[in-house]
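Per the numbering used here, the sequence shown runs over residues 331 to 439.
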Amino acid sequence: MRDVFVERNKELIDSLLKLQKLLDTEPDTVDAIPVFTSYIRSFLRIKPTGRTLPTIEIMTLIKKRKPTLFYLLKRHSNDDMMTMLTYLNMDYEQAQIKIERILQGEVIA
Numbered sequence: 331m332r333d334v335f336v337e338r339n340k341e342l343i344d345s346l347l348k349l350q351k352l353l354d355t356e357p358d359t360v361d362a363i364p365v366f367t368s369y370i371r372s373f374l375r376i377k378p379t380g381r382t383l384p385t386i387e388i389m390t391l392i393k394k395r396k397p398t399l400f401y402l403l404k405r406h407s408n409d410d411m412m413t414m415l416t417y418l419n420m421d422y423e424q425a426q427i428k429i430e431r432i433l434q435g436e437v438i439a
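Set out below in structure tokens:
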């Protein structure tokens with residue numbers, strides 16, 4: 331079951347791994363806005379199998395790990411979708427746990 335989930339959701343898992351790398355390597359400055367905007371747009375195009383996209387979770391991780399960047403995204407976005415996304419929020423620890431579980435191949439909705 332786990333292998334099927336991982337195989338069917340490879341694009342989602344790869345995207346979440348990319349987010350972790352961006353959070354670890356990109357600066358928390360205006361310079362990172364194009365990189366994160368591009369990432370978020372590509373993330374939203376993923377069609378996972380048997381689950382919903384963890385959109386609230388990724389926005390929570392970005393908000394906590396890159397507060398300056400997040401504030402700038404919220405403040406200067408001319409895009410209704412991006413503006414809406416910046417209002418999504420949940421407990422940071424819960425978001426981390428859920429992303430980790432997806433990366434480990436757990437089938438959670």
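Even for Gly, the Cβ is constructed at its ideal location relative to N, Cα and C.
Proximity of the region 394 to 403 to the region 373 to 383 falls short of the contact definition, fewer than three beta-carbon pairs being nearer than 8 angstroms.
Closest option to residue 371, judged by alpha-carbon separation, among 432, 410, 340: 410. Around the beta carbon of residue 416, a 10 Å sphere encloses 16 or more other beta carbons of the protein chains shown; the residue is thus reported as buried. Under the 10 Å beta carbon count, residue 339 is surrounded by 16 or more other beta carbons and is classified as buried. Secondary structure of residue 407 (DSSP, three-state): coil.
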